[in-house]
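Quick note: to get this note's numbering, add 207 to the position in the sequence shown (first position is 1).
One structure is given below, encoded as structure tokens.
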Amino acid sequence: MFNLSTILEHHARTSPAKEALIFADKRITFGQLDGAANQIANGLKSLGIGHGDKVALTCPNLPYFPMIYFGILKTGASVVPLSVLLKRHEIAFHLQDSDAKAYFCFVGTPEMPMGQEGYAGFEMTDTCKDFFMITPAFTDASPIGGTKTMGMLMAGQSPVFESYFTSPDDTAVIIYTSGTTGRPKGAELTHSNLFLNACLSKDLQDLGPDDKSMLVLPLFHIFGQTVCMLASIYRGTTAVLVPRFDAEMVLTLMQNEKITHFAGVPTMYWGLLSYPDTHKFDMLAIKNNLKLCMSGGAALPVQVLRDFEQKFDVPILEGYGMSEGSPVVTFNLKDRPRKPGSVGTPVWGVEVCIMDENGKQLGANEKGEICYRGHNVMKGYYKRPEATAEAISNGWLHSGDVGYRDEDGFYFIVDRTKDMIIRGGYNVYPREVEELMMQHPAVSMVAVIGIPHQEYGEEIKAYVVLKPDTTISEKELISWTKEKIASYKYPRVIEFMNSLPMGASGKILKRELRAQ
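The structure is reproduced here in structure tokens:
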């Protein structure tokens, strides 16, 4: 029997006064973090929520996230983390699809406005019986619209709780991903999946108890959640929370908090490199404290890697992973030579191979689909046995990514087998955007692709054929789409066309659009 919350409870017992989280002027110890999680667990238990139930959570990188996260796990229920960028109909879909019985949503601040989307999403579904506002201050606030607050749930609850003894194969977290196409699917990650990935992530970073890691990657994303938050708590390292990336804020915290470990997506490294006022900071002190940086979520341009390492005098280790892999699959090792552009070698306990379309394993330098198996592979897609069977065959998870392995065993990502776009580390699925845009009364046909972008890696472009006798400007259509979909998904560029290139079967030939 094993519950992932053990990693927090251990340090609450052995070093309760040690700082676990730093946010602004707040210093939260392991004892305080565990106590708050216990109060939430007691509150949820009083509502009848427990083993097998699902509880959704929308919250930026604030102390509330780990408090609620571990509070849910302690009851034996599963956490369903949702992006803070989702719009109302997207929230409603996730709540319904996950069968969530309760939903925690951050109410927002002028700097992070998001609460109203959460409330609207909640009102659109009847799957949740309880909805809790997460207020922006540590002092409780009045509920809005008859909802309850997180403070109301915790009020009068004991800071002591006996965690439910889950099985290692029980679902701890359901992370939503479209994989490659279609509507989002919930990848079920077990207590064992996440624990082992946190363990190896701690080792890959060589985290020590006296280190300080920065949590700027979104915790609702599997990279930030496992590689950063869980690895830090497992090791007993102090974590500094940053709700949203801002180059000046990151540099300020690196200097003032003496950050030793930083993990980000390529756009963050690009942003730090491009920041013009580094002279305002003690760059020597920042460089002396920084021990290691990690990059994932999208390919890091080799030139950005080299420029950053030269400017900050710190190595950036790249890896490869995906939600279905908990997430880490391959990684570059600190004590082993790296190869520019490589995502490293398989991590401990994970096998990786390259397969052709017939499932045959390929040799060195032969391009094919990246497949892997091991302790990191998800349990399956929630309520989607057909999709699970399609993704996992004979124990191998088929990633949908094209890559190759060189003669030294290093893996390289070449392309996507499908049309998924990675914009600033976020996965964007063209079909979802296309289906939405097709709902506009002036749009007859649309094809969405990714185009190269210096900062984001890829930008979203839509090729649109209008219906006869209709007109709409690029600006108007972009604005319409922006209002109905998460901010990282809408196209920034639209090109109107008389027709789209098609093959004999009527399929739109996106490769021709890319070639343009």
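A virtual CB, placed ideally from N, CA and C, is assigned to each residue, including glycine.
Environment of residue i [buried if 16+ CB atoms lie within 10 Å]
{"i": "Thr678", "result": "exposed"}
{"i": "Lys261", "result": "buried"}
{"i": "Ala224", "result": "exposed"}
{"i": "Lys233", "result": "exposed"}
{"i": "Ser420", "result": "buried"}
{"i": "Asp377", "result": "buried"}
{"i": "Lys308", "result": "buried"}
{"i": "His398", "result": "buried"}
{"i": "Glu297", "result": "buried"}
{"i": "Gly363", "result": "exposed"}
{"i": "Gly556", "result": "exposed"}
{"i": "Pro483", "result": "exposed"}
{"i": "Val700", "result": "exposed"}
{"i": "Arg612", "result": "buried"}
{"i": "Pro534", "result": "buried"}
{"i": "Ala348", "result": "Low per-residue confidence applies at Ala348: pLDDT is 49, beneath 50, and the placement is therefore not dependable enough to give any value."}
{"i": "Pro270", "result": "buried"}
{"i": "Thr474", "result": "buried"}
{"i": "Ser439", "result": "buried"}
{"i": "Asp542", "result": "exposed"}
CA-to-CA distance, residue j to residue i, given in whole angstroms
{"i": "Gly478", "j": "Gln661", "result": "11 Å"}
{"i": "Glu525", "j": "Ser408", "result": "12 Å"}
{"i": "Ile599", "j": "Cys560", "result": "14 Å"}
{"i": "Ser606", "j": "Lys487", "result": "44 Å"}
{"i": "Met361", "j": "Thr282", "result": "14 Å"}
{"i": "Leu569", "j": "Asp563", "result": "7 Å"}
{"i": "Leu499", "j": "Met490", "result": "15 Å"}
{"i": "Ala596", "j": "Glu531", "result": "13 Å"}
{"i": "Leu302", "j": "Tyr636", "result": "20 Å"}
{"i": "Leu437", "j": "Phe703", "result": "46 Å"}
{"i": "Cys335", "j": "Ala299", "result": "10 Å"}
{"i": "Pro592", "j": "Leu422", "result": "34 Å"}
{"i": "Pro508", "j": "Asp453", "result": "20 Å"}
{"i": "Gly528", "j": "Tyr695", "result": "20 Å"}
{"i": "Ala506", "j": "Glu666", "result": "14 Å"}
{"i": "Ile466", "j": "Asp418", "result": "7 Å"}
{"i": "Ala327", "j": "Arg295", "result": "In this prediction, Ala327 scores a pLDDT of 47, lower than 50, which makes its location untrustworthy; the coordinate-derived value is nonetheless stated afterwards. Roughly 6 Å between the two C-alpha positions."}
{"i": "Ala722", "j": "Lys668", "result": "13 Å"}
{"i": "Tyr589", "j": "Arg390", "result": "13 Å"}
{"i": "Phe430", "j": "Met456", "result": "21 Å"}
{"i": "Met627", "j": "Gly575", "result": "17 Å"}
Contact check, residue i vs residue j, beta carbons under 9 Å
{"i": "Phe427", "j": "Cys266", "result": "yes"}
{"i": "Phe617", "j": "Lys546", "result": "yes"}
{"i": "Ile256", "j": "Asp337", "result": "yes"}
{"i": "Ile629", "j": "Gly610", "result": "no"}
{"i": "Tyr441", "j": "Leu289", "result": "no"}
{"i": "Tyr476", "j": "Val449", "result": "no"}
{"i": "Ser374", "j": "Thr213", "result": "no"}
{"i": "Gly471", "j": "Leu424", "result": "yes"}
{"i": "Gly215", "j": "Pro273", "result": "Before going further, note that residue 215 is Leu rather than Gly in the sequence given. Yes; because the gap between Cβ atoms is below 9 Å, this pair is in contact."}
{"i": "Thr733", "j": "Glu226", "result": "With the chain covering only 208 through 723, there is no way to say anything about residue 733."}
{"i": "Val584", "j": "Asn400", "result": "yes"}
Residues near residue i by beta carbon distance below 8 Å, same chain, minus five either side
{"i": "Phe339", "result": "Ala309, Tyr310, Phe311, Cys312, Thr354, Lys355, Thr356, Met357, Met359, Leu360"}
{"i": "Ala219", "result": "Phe237, Gly238, Leu240, Asp241, Gly242"}
{"i": "Leu643", "result": "Thr688, Lys691, Ile692"}
{"i": "His258", "result": "Thr282, Gly283, Ala284, Tyr371, Thr373, Asp377"}
{"i": "Lys674", "result": "Pro648, Ala649, Val650, Ser651"}
{"i": "Glu614", "result": "Ala571, Asn572"}
{"i": "Ile685", "result": "Tyr697, Pro698, Arg699, Ile701"}
{"i": "Lys392", "result": "Tyr383, Thr384, Ser385, Gly386, Tyr588, Tyr589, Arg591, Ala594"}
{"i": "Met751", "result": "For the chain, the structure presents residues 208 to 723; residue 751 sits outside this window and is missing."}
{"i": "Asn705", "result": "Val672"}
Same chain, Cβ closer than 6 Å to residue i, neighbours up to 5 away in sequence not counted
{"i": "Leu403", "result": "His582"}
{"i": "Phe538", "result": "Leu411, Gly526, Gly551, Val554"}
{"i": "Val287", "result": "Lys261, Ala263, Ser305, Ala307, Ile381"}
{"i": "Ala248", "result": "Gly278, Lys281, Thr282, Phe368"}
{"i": "Met461", "result": "Ile493"}
{"i": "Met501", "result": "Ala470, Leu524"}
{"i": "Ser549", "result": "Phe617, Phe619"}
{"i": "Ile577", "result": "Ser606, Asp608, Gly610"}
Close-in-space but distant-in-sequence residues of the same chain around residue i (CB under 7 Å, 5 per side omitted)
{"i": "Leu707", "result": "Met652, Ala654, Tyr670, Val672, Ile715"}
{"i": "Leu292", "result": "Ala693, Ser694, Tyr695"}
Chain C contact for residue i (CB, 9 Å cutoff)
{"i": "Ser502", "result": "Annotation note: the requested chain C is absent from the structure, which comprises a single protein chain."}
Ordered list of alpha helix (DSSP H) runs contained in the segment 469–502, each at least 4 residues: Listed in chain order, the alpha helix (DSSP H) runs fully inside the segment 469–502 are 473–481, 490–496, counting runs of at least 4 residues.
List, from N- to C-terminal side, the alpha helix (DSSP H) runs of 4 residues or more that fit wholly inside the segment 564–629. 592–598
Scan the segment 622–681 and note each continuous alpha helix (DSSP H) run of 4 residues or more that stays entirely inside, going in chain order. 637–644
Pick out the complete alpha helix (DSSP H) segments inside the segment 356–391, 4 residues or longer, and give them in chain order. 357–361
Give, in chain order, every unbroken run of the beta strand (DSSP E) that is at least 3 residues long and sits entirely within the segment 529–562. Whole beta strand (DSSP E) segments, 3+ residues: 535–538, 557–562.
May I have a chain-ordered list of the beta strand (DSSP E) segments no shorter than 3 residues that lie completely inside the segment 389–416? Runs of the beta strand (DSSP E) inside the segment 389–416: 392–397.
Segments assigned alpha helix (DSSP H), at least 4 residues, entirely inside the segment 223–271: 237–253
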